[in-house]
Amino acid sequence: MIDNNLNWTETRDSRLLELHSDCLNCFGLCCAALPFAASSDFAIDKNAGQPCPNLREDFRCGIHTVLREKGFRGCTVYDCFGAGQKVSNLTYGGRDWRQAPDTARQMFEVLLVMRQLHELLWYLREALAFSGAEILHDSLMLMMEQTLNITTLSPTELLKLDVHVHRAEVNELLLRASELARNAARAQLTPAPKRQKNYGRGADLIGAKLRGADLRCVSLRGAYLIAADLSAADLRHADLIGADLRDTNLSGADLRGCLFLTQAQLQAAKGSPATKLPGSLTHPEHWSAGLS
């Protein structure tokens, strides 16, 4: 980890850099703004902008402790990266959509933009700690500063933002950081990783049988790994940005040093206490409880 980069974050308002969900300081935005359909992830249908029936008047979830048991597994794998509390307390100054129903639609649309910006901030902050990518530190910090400034814009300005263009600019930088970090790790690993298939972004690996596979330093960016068997696989220093890990079997897998792996991805997967994780992430409760 590169500690000297933390000095920059300490100069900013700590509330602006909260990049993890804090539901206690949010107006239940994801519970109202986002749609979902009855499936293995959700027990019911809900339209965008329609408050979930489990959302209480105080914006708390009435079934938070038993979401999986009640058929709302999808809620447990969602992370707004801190966008919810930013929109609630900074963008709208603490005035919720029930107090001001005329702002509800706009607030929900702003959440969708802010969530993307906060996700990019989370990835940029991760990249700053990559060994081997030090040459990009100035560029990463500048992009983080620019993105953070965008998150402080007014609702109207945020909705005018072409977030896809900004995401493309950030992604180009993240890709370079990933390549540098994986090359540096590959040079130090013993034995050296075998030459791996280039899966390419968005590779279709649904249900793939990869038990015990050597996937060290491989790029699995955006890969569809739904229900794939990666048990006992070695994924050290693999790039997992945007990879779909729903029901992926990670039991006994080694994920130490993985690039851009999020807690939400782990929440969507299956694993075991024997799964090795980066130090910043934790084993989901359902892994030890045997819940799907």
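First residue of the sequence shown? That's 200 in the numbering used here, and the numbers climb one at a time after it.
Glycine included, every Cβ here is placed at the ideal spot set by N, Cα and C.
query, result
"Could you tell me whether the Cβ atoms of residue 385 and residue 436 are closer together than 9 Å?", "yes"
"Would you check if the distance between the CB atom of residue 315 and the CB atom of residue 286 is smaller than 9 Å?", "no"
"Residue 376 to residue 438, Cα distance in whole Å?", "10 Å"
"Based on Cα-Cα distance, which residue from 307, 325, 242 and 274 lies nearest to residue 290?", "307"
"Is residue 418 helix, strand or coil by DSSP?", "strand"
"Checking the sheet assignment: what are the DSSP bridge partners for residue 433?", "413 and 453"
"For residue 319, which residues in the same chain have their Cβ closer than 6 Å to its Cβ, ignoring the five residues on either side in sequence?", "346 and 369"
"For residue 339, which residues in the same chain have their Cβ closer than 6 Å to its Cβ, ignoring the five residues on either side in sequence?", "323, 326 and 327"
"If you measure between the beta carbons of residue 348 and residue 288, is that distance less than 9 Å?", "no"
"Taking the beta carbon of residue 236 as the centre, do at least 16 other beta carbons fall within 10 Å, making it buried, or is it exposed?", "exposed"
"Starting from the C-beta of residue 460, find all residues in its chain whose C-beta is less than 7 Å away, skip the five residues before and the five after it, and write them out in chain order.", "439, 454, 477 and 480"
"As a quick exercise: from 227, 409 and 468, pick the residue whose alpha carbon is nearest that of residue 293.", "227"
"Identify which residue in 360, 372 and 356 has its Cα closest to the Cα of residue 341.", "372"
"Give me, in chain order, the residues of the same chain whose beta-carbon lies closer than 6 Å to that of residue 201; leave out the 5 immediate sequence neighbours on both sides.", "Residue placement at residue 201 cannot be trusted, given a pLDDT of 33 that sits under 50; what the coordinates show is reported in the next sentence. Counting only Cβ-Cβ distances below 6 Å, and skipping sequence neighbours, we find 328."
"Helix, strand or coil, according to DSSP, for residue 469 in the structure here?", "strand"
"Rounded to the nearest angstrom, what separates residue 239 and residue 302 at their Cα positions?", "32 Å"
"Alpha carbon to alpha carbon, how far is residue 428 from residue 409? Give it in angstroms, no decimals.", "5 Å"
"If you draw a straight line from the C-alpha of residue 269 to the C-alpha of residue 426, how long is it?", "22 Å"
"Taking C-alpha atoms, which residue in 275, 468 and 276 lies nearest to residue 445?", "468"
"In three-state DSSP terms, what is residue 297?", "coil"
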